[in-house]
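*Asks:* Residue numbers (our numbering), protein chains in the order written: chain A, 89 to 500; chain B, 89 to 500. We put the beta carbon where it would ideally sit given N, CA and C, even for glycine. Shown below is the structure under consideration.
Structure (structure tokens):
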């Protein structure tokens, strides 16, 4: 009797991802041009070079007077200097010209003295402190030089990038189109939210979780519904997903019972379709990774936490590659583990933890979860710790890296 | 001559925020009911108690056979045990009933043996390992108990929360409505994106940056346009903003030159309207905080970086309070500063840095920015370090807390 029928050999997480991506060779998706107003959180498709210097001219950084700095070199509180006001285009020796923040510094002037540092006289102004050349002047090209790359391909665009594009007069930007993700839920036990479940039924929650995770990454989920554990129904949905989307995700039907139908269906659609089946991870062991028509097919467990970590480990990096994002690891913080936890030799364990800040120190409290089915283990946690394959467990007070999926709360 | 006309006394950052929030007494906004499908990133308005146990019944966590655990206590590889199959509602001694993941565990059965751990015989199954009571069973209420709070008021809802709500059969959730933020740009030098700027004009970029920052927090920005540095124009826009929005933000016109119009306008609308003017921070010194008709009016600098940190320090916590979010500090990481940087005694300095991960260590590279006008200082950085008022600067190799606004890139 095989102890793990179908899973005699589990593939390590690193090997599974490596083998899968090598086989898939994901290509960045096409670009689309959008208004910069809609660009936050999208991914830049091309390097954008500044079409102009910024500032475009030497500009005053303050409200005040444009002067020649060398006029002020010997000025002190005891030896103030008086300037006559001018409105001419050129500022000559002994003259000052009123200037507002952002105004182009007039020819001849080499500095701007702040209005607060002057005293208005009847026919001019008085200055009591010297200014250095360039003082209060924003030099042409100081922010960014014409031709300099102001937005690199593969950058996740934030509010600041949009501001810089606007300042440079760029109203539209080419971004990578959103990957379309078809989500299929399998399982005779599932019922849609809104219908009253019978005692043997479970409301389908995975589709909401996976949709949310897709959106968070800038992908566009499309839910294709629940299918029964029937080969032909599953096949029809996967084929539909492949025509509609860039990525297909299924949940359920991955364990090695008689209901192990999804990997079977993928294999029947293409005998090389299943690239990996069974990963040395917990939760998420029964995950299968497939490729059909050059598109990734992620066959995730029906257990909520197992589906989430299958997504985290395999779907997330694939979506990022389709988006052309170079590197976007989850933010991690170092925290002190509040108690001992067991690992699983030979498997990579994803331990859900709640990180709190207590008196300036970060503490990681393991969220105990029996099995991989518990949704509350995810809502109570704000991140996870990886227990590597060669560790029997982690010690109390051990410093661990916590990968965050939501903010850290302050306590105490 | 006053060196800082109007700013003789700068208020410390902590005092400014404290005084302002004490005067404003921000109240959480009204709730609105939305579908859980749209709830990701919204803020829960009320505690939600689970209307049912989850799981609602004892369920099988695997595909296999429901049995009485005590039937297996003496089973070993050498002494396998054979079970007859039953389809009856009650599993009696010596019997096993086929069960799939998620199915309710039938009466009498106390455990489920995984199908992989059994061998099918002609008239039953053979088991070669004992199981413990409760093995492979998800107990009723194990995930969440009826009446337990599954979503706390003030929680930023994520994909996992939505999944849990769905599993509990909750299709709609009360969330705090999005704070409306009116954004007004002031300055004679400003021109809208799309129009060709003359040499003395600057394209208005602040409104894009502020809109993006509002959206990131779950507020809804409305841009009211550019106004000239004219008292009556500014007044009209602020009044419009107060009728339309929960928060008004202006940029520009805050320095103490003749263009110091916005604080003046606020003061004329209500002589107690300006609560703070001039903050001991860099950038952002000329920030003013006002209250009109019990609504916050943030008078931010026109300099991009100064506007951003005025937003970070004052607008962000105010929006979070209107949303009823208890605690949502930016994620911070500890990093090693790559070089010495100057602070400014008596002022809190917000130093923009780029954090990179190099061989497992986090390094914070200061992004040098002359003045507070540089947008590129924000796009090159992924976070900031606070240099406190009592520090002349930070040393090379000093460990610093970096508050992140975008992910950390891996290098080397």
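Taking only three categories from DSSP, how would you classify residue 163 of chain B?
*Replies:* The residue you call residue 163 of chain B lines up with position 75 of the second chain. Of the three classes helix, strand and coil, the one that applies to residue 163 of chain B here is coil, per DSSP.
*Asks:* My output table needs one value for residue 148 of chain B: the three-state DSSP class, helix, strand or coil.
*Replies:* The residue given as residue 148 of chain B occupies position 60 in the second chain. The answer is strand: DSSP assigns residue 148 of chain B an E or B state.
*Asks:* Which residues in chain B have a C-beta closer than 8 Å to the C-beta of residue 498 of chain A? List them in chain order.
*Replies:* Against the first chain, residue 498 of chain A aligns to sequence position 410. Within chain B, the residues near residue 498 of chain A are 415, 417.
*Asks:* At least one CB of chain B closer than 9 Å to the CB of residue 124 of chain A: is that the case?
*Replies:* Indexing the first chain from 1 puts residue 124 of chain A at position 36. Answer yes: the Cβ-Cβ gap between residue 124 of chain A and chain B drops below 9 Å somewhere.
*Asks:* Looking at chain A, which residues of the stretch 188-200 of chain B have a Cβ within less than 9 Å of any of its Cβ atoms?
*Replies:* Answer in chain order: 188, 189, 190, 191, 192.
*Asks:* Quick check on DSSP: helix, strand or coil for residue 218 of chain B?
*Replies:* The residue given as residue 218 of chain B occupies position 130 in the second chain. Here residue 218 of chain B sits in coil by DSSP.
*Asks:* Within the stretch 393-420 of chain B, note down every full alpha helix (DSSP H) run reaching 4 residues or more, in order along the chain.
*Replies:* Fully enclosed alpha helix (DSSP H) runs of 4 or longer: 404-410.
*Asks:* Please identify the residue among B:448, B:400, B:192 whose C-alpha is closest to the C-alpha of residue 512 of chain A.
*Replies:* This structure cannot settle anything about residue 512 of chain A, because the visible part of chain A is limited to 89 through 500.
*Asks:* Closer than 9 Å, Cβ to Cβ, to anything on chain A: give me those residues from the stretch 350-374 of chain B, in chain order.
*Replies:* Listed by position along the chain: nothing, the set is empty.
*Asks:* What does a CB cutoff of less than 7 Å around residue 143 of chain B pick up in its chain, not counting 5 residues either side in sequence?
*Replies:* For the purposes of this step, residue 143 of chain B is taken as the residue at position 55 of the second chain. Closer than 7 Å at Cβ, skipping near neighbours: 226, 228, 230, 231.
*Asks:* Just checking: is the beta-carbon of residue 137 of chain B within a distance shorter than 9 Å of some beta-carbon in chain A?
*Replies:* For the purposes of this step, residue 137 of chain B is taken as the residue at position 49 of the second chain. Not one chain A Cβ lies under 9 Å of residue 137 of chain B.
*Asks:* Listing by chain order, which chain B residues have their CB less than 7 Å from the CB of residue 255 of chain A?
*Replies:* Stepping through the first chain from its first residue, residue 255 of chain A is reached at position 167. In chain order: 291, 293, 463.
*Asks:* Buried or exposed: residue 101 of chain B, going by 16 or more other Cβ atoms within 10 Å of its Cβ?
*Replies:* Start at 1 with the first residue of the second chain, and residue 101 of chain B comes out as number 13. It counts as buried.
*Asks:* Can you tell me the Cβ-Cβ gap for residue 223 of chain B and residue 199 of chain B, rounded? I've got them flagged as a contact below 8 Å.
*Replies:* Walking along the second chain from the start, residue 223 of chain B turns up at place 135. Walking along the second chain from the start, residue 199 of chain B turns up at place 111. 4 Å between Cβ atoms; contact.
*Asks:* So residue 299 of chain A is in the alpha helix (DSSP H); what residue range does that whole segment cover?
*Replies:* Here residue 299 of chain A corresponds to residue number 211 of the first chain, with the count starting at 1. Run containing residue 299 of chain A: 294-305, per the alpha helix (DSSP H) assignment.
*Asks:* Checking 9 Å against the spacing of the C-beta atoms, do residue 386 of chain A and residue 367 of chain A come in under that value?
*Replies:* For this step, residue 386 of chain A is matched to residue 298 along the first chain. For this step, residue 367 of chain A is matched to residue 279 along the first chain. Cβ atoms of residue 386 of chain A and residue 367 of chain A: not closer than 9 Å.
*Asks:* Name, in chain order, the residues that DSSP records as bridge partners for residue 471 of chain A.
*Replies:* Here residue 471 of chain A corresponds to residue number 383 of the first chain, with the count starting at 1. DSSP, once it has assigned bridges, lists A:441, A:492 as partnering residue 471 of chain A.
*Asks:* Hey, residue 252 of chain A and residue 139 of chain A are a contact pair by Cβ (cut 8 Å); roughly how many whole angstroms apart?
*Replies:* For this step, residue 252 of chain A is matched to residue 164 along the first chain. For this step, residue 139 of chain A is matched to residue 51 along the first chain. No, residue 252 of chain A and residue 139 of chain A are not in contact; Cβ-Cβ is about 12 Å, not under 8 Å.
*Asks:* List, in chain order, every chain B residue whose beta-carbon is nearer than 7 Å to that of residue 390 of chain A.
*Replies:* Within the first chain, residue 390 of chain A is the residue found at index 302, counting from 1. Within chain B, the residues near residue 390 of chain A are 189.
*Asks:* Are any of the Cβ atoms in chain A nearer than 9 Å to that of residue 491 of chain B?
*Replies:* Within the second chain, residue 491 of chain B is the residue found at index 403, counting from 1. No, because no Cβ of chain A sits closer than 9 Å to the Cβ of residue 491 of chain B.
*Asks:* Consult DSSP for residue 175 of chain A and reduce its assignment to one of helix, strand or coil.
*Replies:* Working through the first chain from its first residue, we reach residue 175 of chain A at position 87. Residue 175 of chain A: coil per DSSP, three-state reduction.
*Asks:* Pick from B:239, B:405, B:149: whose alpha carbon is nearest that of residue 190 of chain B?
*Replies:* Walking along the second chain from the start, residue 190 of chain B turns up at place 102. That would be B:149, whose Cα lies nearest to the Cα of residue 190 of chain B.
*Asks:* What separation, rounded to the nearest whole angstrom, lies between the Cα atoms of residue 152 of chain A and residue 401 of chain A?
*Replies:* Your numbering for residue 152 of chain A matches position 64 in the first chain. Your numbering for residue 401 of chain A matches position 313 in the first chain. Distance between the alpha carbons of residue 152 of chain A and residue 401 of chain A: 57 Å.
*Asks:* Going by DSSP in three states, residue 260 of chain B sits in which element: helix, strand or coil?
*Replies:* Start at 1 with the first residue of the second chain, and residue 260 of chain B comes out as number 172. Reduced to three states, the DSSP call for residue 260 of chain B is strand.
*Asks:* Is the beta carbon of residue 409 of chain B closer than 9 Å to that of residue 114 of chain B?
*Replies:* For the purposes of this step, residue 114 of chain B is taken as the residue at position 26 of the second chain. For the purposes of this step, residue 409 of chain B is taken as the residue at position 321 of the second chain. Yes, Cβ-Cβ distance for residue 114 of chain B and residue 409 of chain B is below 9 Å.
*Asks:* Taking only three categories from DSSP, how would you classify residue 375 of chain B?
*Replies:* Position 287 of the second chain, counted from the start, is the residue given in the question as residue 375 of chain B. Reduced to three states, the DSSP call for residue 375 of chain B is coil.
*Asks:* Using a C-beta to C-beta distance shorter than 8 Å, which residues of chain A count as neighbours of residue 238 of chain B?
*Replies:* For the purposes of this step, residue 238 of chain B is taken as residue 150 along the second chain, with counting starting at 1. Correct list: 464, 467.
*Asks:* Any chance you could list the alpha helix (DSSP H) runs of at least 4 consecutive residues sitting entirely within the stretch 303-333 of chain A, in chain order?
*Replies:* Runs of the alpha helix (DSSP H) inside the stretch 303-333 of chain A: 319-332.
*Asks:* Rounded to whole angstroms, what's the CA-CA distance from residue 383 of chain A to residue 112 of chain B? Just pull it up for me.
*Replies:* Mapped onto the first chain, residue 383 of chain A falls at position 295. Mapped onto the second chain, residue 112 of chain B falls at position 24. Cα to Cα, residue 383 of chain A sits roughly 54 Å from residue 112 of chain B.
*Asks:* Which chain A residues are close to residue 494 of chain B, counting only those with a beta carbon under 8 Å from its beta carbon?
*Replies:* Along the second chain, one-based indexing puts residue 494 of chain B at 406. Here the neighbours are 244, 246.
*Asks:* By the three-class DSSP mapping on this structure, what secondary structure does residue 106 of chain B have?
*Replies:* Taking the second chain and counting its residues from 1, one reaches residue 106 of chain B at position 18. In the structure shown, residue 106 of chain B sits in a helix (DSSP, three-state: H, G or I).
*Asks:* Report yes or no: is there a C-beta of chain A within less than 9 Å of the C-beta of residue 252 of chain B?
*Replies:* On the second chain, position 164 is the one that residue 252 of chain B refers to. Interface residue, yes.
*Asks:* Any beta carbon from chain B within less than 9 Å of residue 285 of chain A's own beta carbon?
*Replies:* Counting from 1 along the first chain, the entry for residue 285 of chain A is found at position 197. Residue 285 of chain A counts as touching chain B.
*Asks:* Using a Cβ-Cβ distance cut-off of 9 Å, determine whether residue 211 of chain B contacts chain A.
*Replies:* Working through the second chain from its first residue, we reach residue 211 of chain B at position 123. So, not an interface residue.
*Asks:* Residue 454 of chain A bridges to which residues according to DSSP?
*Replies:* The sequence position of residue 454 of chain A within the first chain is 366, counting from 1. Looking at the DSSP assignment, residue 454 of chain A forms a beta bridge with A:441.
*Asks:* Using DSSP with H/G/I as helix, E/B as strand and the rest coil, what is residue 238 of chain A?
*Replies:* Here residue 238 of chain A refers to the residue found at position 150 when the first chain is read from its first residue. Three-state DSSP puts residue 238 of chain A in a strand.
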